[in-house]
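So in the numbering used here, spot 465 of the sequence shown is number 1281, and the numbers just go up one at a time.
Yeah, the Cβ is synthetic: ideal placement off N, Cα and C, and Gly gets one too.
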Amino acid sequence: MLTVLNCLVVEHDYRFVGAALLICSIGSMVSMRLFSRARNVSRAKHAAFVFMAGVAGGMTIWTTHFLAMLGFIPNVEHGFEPNFTVLSLALAIVTSLAGFMIAASGERGPSIELGGGVIGMGIALMHFTGMRGFVVAGTVSYDPGLVTFSIVAGALLGMVATNRVARGDTRRSQIAGIAALILGIGMMHFSAMGAVQITPDPRVAVPGQLMSDSVLALLVVAVTILVVVLGAVTHLAEEQSEQDAVAHYRHLAMHDPLTGLPNRAAVRDELPLRLKKAAGTSLAIIAVDLNRFKEINDVYGHAAGDAVLTQTTARMRAALVAGEFFARIGGDEFIAVKSFSRDNEVEEFAARIADAFSRPNELGKASFSTSASIGIAVHPKDGDSIDELTMRADLAMYRSKKLQDGSWCWYDADADEDGRRRGQIAIGLRSAITEGALRLVFQPQISMKQRRLLGFEALLRWTSPQLGEVSPADFIPVAEQTGIIVDIGDWVLRQACREATQWPAPTGVAVNVSPVQLMRPNFAERLTEILDETGLEASRLEIEITETILIENPGQALLVLRKIKALGVRVAMDDFGTGYSSLSTLFSFPFDKIKVDRTFLNALGRQAQATSVIETVIELGHKLSIPVLAEGVETDFQAAFLKDRRCDEAQGFLYGRPVDSSTAHALALSGTWQEDDAEALAKLTA
817 MLTVLNCLVV
827 EHDYRFVGAA
837 LLICSIGSMV
847 SMRLFSRARN
857 VSRAKHAAFV
867 FMAGVAGGMT
877 IWTTHFLAML
887 GFIPNVEHGF
897 EPNFTVLSLA
907 LAIVTSLAGF
917 MIAASGERGP
927 SIELGGGVIG
937 MGIALMHFTG
947 MRGFVVAGTV
957 SYDPGLVTFS
967 IVAGALLGMV
977 ATNRVARGDT
987 RRSQIAGIAA
997 LILGIGMMHF
1007 SAMGAVQITP
1017 DPRVAVPGQL
1027 MSDSVLALLV
1037 VAVTILVVVL
1047 GAVTHLAEEQ
1057 SEQDAVAHYR
1067 HLAMHDPLTG
1077 LPNRAAVRDE
1087 LPLRLKKAAG
1097 TSLAIIAVDL
1107 NRFKEINDVY
1117 GHAAGDAVLT
1127 QTTARMRAAL
1137 VAGEFFARIG
1147 GDEFIAVKSF
1157 SRDNEVEEFA
1167 ARIADAFSRP
1177 NELGKASFST
1187 SASIGIAVHP
1197 KDGDSIDELT
1207 MRADLAMYRS
1217 KKLQDGSWCW
1227 YDADADEDGR
1237 RRGQIAIGLR
1247 SAITEGALRL
1257 VFQPQISMKQ
1267 RRLLGFEALL
1277 RWTSPQLGEV
1287 SPADFIPVAE
1297 QTGIIVDIGD
1307 WVLRQACREA
1317 TQWPAPTGVA
1327 VNVSPVQLMR
1337 PNFAERLTEI
1347 LDETGLEASR
1357 LEIEITETIL
1367 IENPGQALLV
1377 LRKIKALGVR
1387 VAMDDFGTGY
1397 SSLSTLFSFP
1407 FDKIKVDRTF
1417 LNALGRQAQA
1427 TSVIETVIEL
1437 GHKLSIPVLA
1447 EGVETDFQAA
1457 FLKDRRCDEA
1467 QGFLYGRPVD
1477 SSTAHALALS
1487 GTWQEDDAEA
1497 LAKLTA
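In structure tokens:
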């Protein structure tokens, strides 16, 4: 009597089934990672990754099927027809390759899912082609319903797999894509095998030239090894790619993009190491400033300025000898370091610097002559710390600039009398936070249209026990130069956010951020910590920056600013109109506010250009839907002018001087703003 055998209920060798699921998991992970890489590499590498993804995917599909088939024990004579078996492998690879090519060809279009569907259909094509080569002593039939289900399920899961990997941007979505492909291959095989029914028939002869289980096992092992090798190669390639990327981004972070010289960040790392190595010997810190740089930029344009920088620094790099260090730390500012045993070694180095900076630079038919102001400070004679040495090298450089004779100056405490106060400021700033000498005051910012208080700008003040009240114009540059601004900036942000939490929402607080602080690699992360620590809503904090940041290192600056915006923090451009590329800077980043510099308000009524600039900026803000705030409003004439031009916001003595936190709290609670309040508020905040 003939018995119908259902392929899922007959006996199986579960070792093969387990091996099939294992290779399915490994191969799916390999192929989907290769697919993901193909979408994120350069055009030159794209085809190679797509090809490897297709080969890995096809071999995985085929190996999973035939490993599971080796575990299938039908208890009837059987074998595998070589032509259909090999054809099924070829079809698996071709359809997988086609699917990945389609899915990787589009950025966001439907081709992503279409490619996944092709892969899923390829699984079915491979399966039934392989089953066509499965020969038994009997007849084979299929359940149409289960066949249809298996094909549809494979196609849908293939679409899910490519969708999650291509459109997802998290590690979880990538894992979901791999899991979908594993499920698609596995479900396709086992549901399709559930549709197979074998009716044994001893009258059906099995040809002798078929492949036996042993021969098929050898072929499966060979293909499995290829999948594993591809996986290993993929892993090694990704590891190397990540290492290369880390090295590349570290190089970018530590080098000036225009000149290729080490930048300020590299100087912060390098100088302490050099000072430590110089124990018992002398170390020269040399400050260098390029003369006439601003003049060349203003007269001939920034292409000329860039040409001067690149040609000058190329000569400087060629002039360096082993052990010497030279870096660009600002627009026209440089720093050099040299260990020495005789003073003439430093002078010879300074002479090479002066020569490199004084040779003519060419741009087209034009030639530009420059020179360098050079100041030298020496460890241990002039100081024991990097901050002391760099500050004193700067003081000597400023003296060299005043002489304007092309000579270099050694630091001289008596000769640099006017620099002593800067040194005292630098020393005093180090303990200003712990001593409680810093404080914030808050200047109101009002809406001219809605007649209400919008928020305050937090302004830093410092009363030194030794120096008395020190102007921010004096201590901020020193803090930036010495790097102390990073700690001070953190303190200002934390205090400003803490104060703002005491005000009713949505009253905001604006904080000016130094370029040195903003360009720290972890600034956005530090800002997140401060917001979490203080509990201030991100939308109530506004970061004010100047366009200098975007000019000196636009790529890094825009990356940091986008991270800030992603937190929900607003970003304002301060001192708009004073820079030489304000308009292009404005279009490079979606600012939340434009602040018109007070110098234009001061010149209003006296200089026609000031009037034109203010009107143009306000009109530009209206067209771009960016609020414009005018700083330094002090007279009724200025206020009337701004209202007539529909300026959005204002800040200045007319509306209130900077106040302490308790007064700011009282003003924030009142919230409203009327024209009649101006005189009262001005008196209150005087």
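Sequence-distant residues of its chain with Cβ nearer than 6 Å to residue i (five each side left out)
{"i": "A1008", "result": "H943 and S966"}
{"i": "T1362", "result": "D1390 and D1391"}
{"i": "A836", "result": "T880, L883 and A884"}
{"i": "A992", "result": "R980"}
{"i": "G873", "result": "S847 and S912"}
{"i": "A977", "result": "G932, G993, A996 and L997"}
Beta-carbon separation (whole angstroms), residue i vs residue j, contact threshold 8 Å
{"i": "E1450", "j": "G1468", "result": "5 Å"}
{"i": "I1145", "j": "I1102", "result": "Contact flag wrong, Cβ pair sits at about 12 Å."}
{"i": "Y1116", "j": "I1262", "result": "At roughly 43 Å, the Cβ-Cβ gap does not stay under 8 Å, so Y1116 and I1262 are not in contact."}
{"i": "V1327", "j": "V1308", "result": "6 Å"}
{"i": "M1213", "j": "R1238", "result": "Not quite, the Cβ-Cβ distance comes to about 12 Å (not below 8 Å), so this is no contact."}
{"i": "A1316", "j": "R1356", "result": "6 Å"}
{"i": "F1291", "j": "L1352", "result": "No, F1291 and L1352 are not in contact; Cβ-Cβ is about 26 Å, not under 8 Å."}
{"i": "F851", "j": "A919", "result": "7 Å"}
Backbone CA spacing between residue i and residue j [nearest angstrom]
{"i": "Y1396", "j": "E1163", "result": "Bear in mind that the predicted position of Y1396 carries a pLDDT of just 48, short of 50, making it unreliable; the figure below should be weighed with that in mind. Distance between the alpha carbons of Y1396 and E1163: 37 Å."}
{"i": "V1153", "j": "E1204", "result": "14 Å"}
{"i": "F1457", "j": "R1090", "result": "57 Å"}
{"i": "G1222", "j": "A1170", "result": "8 Å"}
{"i": "A1182", "j": "M1132", "result": "21 Å"}
{"i": "K861", "j": "A854", "result": "7 Å"}
{"i": "A1312", "j": "L1343", "result": "12 Å"}
{"i": "S1216", "j": "A1138", "result": "27 Å"}
{"i": "P1281", "j": "A1253", "result": "8 Å"}
{"i": "E997", "j": "M1003", "result": "Residue 997 is actually Leu in this sequence, not Glu. About 10 Å."}
{"i": "R1084", "j": "I1359", "result": "25 Å"}
{"i": "P1023", "j": "S957", "result": "20 Å"}
{"i": "R1019", "j": "L973", "result": "41 Å"}
{"i": "N1079", "j": "R988", "result": "37 Å"}
{"i": "T1097", "j": "S1157", "result": "7 Å"}
{"i": "L941", "j": "T876", "result": "14 Å"}
{"i": "V857", "j": "M845", "result": "18 Å"}
{"i": "L1106", "j": "L1334", "result": "25 Å"}
{"i": "I939", "j": "A869", "result": "15 Å"}
{"i": "L907", "j": "L1042", "result": "17 Å"}
{"i": "L1375", "j": "P1331", "result": "14 Å"}
{"i": "V910", "j": "M917", "result": "10 Å"}
{"i": "L1248", "j": "G984", "result": "A small correction: the amino acid at residue 1248 is Ala; Leu does not occupy that position in the sequence shown. Near 48 Å, if we compare the C-alpha coordinates of G984 and A1248."}
{"i": "F1339", "j": "A1484", "result": "29 Å"}
Neighbourhood of residue i by C-beta, 8 Å cutoff - its chain only, sequence neighbours within 5 removed
{"i": "A1094", "result": "S1155 and H1195"}
{"i": "G922", "result": "I928"}
{"i": "L1270", "result": "Q1261, I1262, S1263, T1323, G1324 and E1465"}
Span of the beta strand (DSSP E) around residue i
{"i": "G1371", "result": "No beta strand (DSSP E) holds G1371; the alpha helix (DSSP H) holding it covers P1370 to A1382."}
{"i": "Q1261", "result": "L1254 to S1263"}
{"i": "C1225", "result": "W1224 to W1226"}
{"i": "I1151", "result": "E1149 to F1156"}
{"i": "E1273", "result": "R1268 to S1280"}
{"i": "V951", "result": "F950 to V952"}
{"i": "E1447", "result": "V1444 to E1447"}
is_contact[residue i, chain B] using C-beta, thresh 7 Å
{"i": "T901", "result": "Given the protein chain composition of this structure (a single chain), no chain B is represented."}
Own chain residues within Cβ distance below 7 Å of residue i, not counting five before or after
{"i": "A1166", "result": "I1102, I1190, I1192 and W1224"}
{"i": "M1264", "result": "L1458, K1459, C1463, D1464, E1465 and A1466"}
{"i": "H1481", "result": "Q1318 and W1319"}
{"i": "I1112", "result": "A1120, G1121, V1124 and F1184"}
{"i": "D1072", "result": "N1079 and R1144"}
{"i": "A914", "result": "V934"}
{"i": "V1257", "result": "L1275, R1277, P1474, V1475 and D1476"}
{"i": "E897", "result": "G949, V951 and L1026"}
Segment limits, alpha helix (DSSP H) that includes residue i
{"i": "N1418", "result": "R1414 to N1418"}
{"i": "I1177", "result": "Ile is not the amino acid found at residue 1177; the sequence shown has Asn there. N1177 -> not in any alpha helix (DSSP H); beta strand (DSSP E) instead, spanning N1177 to L1179."}
{"i": "F1291", "result": "P1288 to T1298"}
{"i": "R1236", "result": "R1236 to A1248"}
{"i": "H1438", "result": "A1424 to L1440"}
Report the start-end ranges of each beta strand (DSSP E) in the region 998-1025 that is 3 residues or longer and not cut off at the edges. 1012-1016
Unbroken alpha helix (DSSP H) runs of length 4 or more, entirely within the region 848-936: which are they? Within the region 848-936, complete alpha helix (DSSP H) segments of at least 4 residues are found at 859-886 and 898-921, given in chain order.
At what residue ranges does the region 947-984 contain a whole run of the beta strand (DSSP E), taking only runs of 3 or more? Counting only runs of 3 or more residues that sit fully inside the region 947-984, the beta strand (DSSP E) segments are 950-952 and 954-958, in chain order.
Just list the alpha helix (DSSP H) runs in the region 1303-1352, keeping only unbroken ones of 4 residues or longer that don't cross its boundaries, in chain order. Runs of the alpha helix (DSSP H) inside the region 1303-1352: 1331-1334 and 1339-1350.
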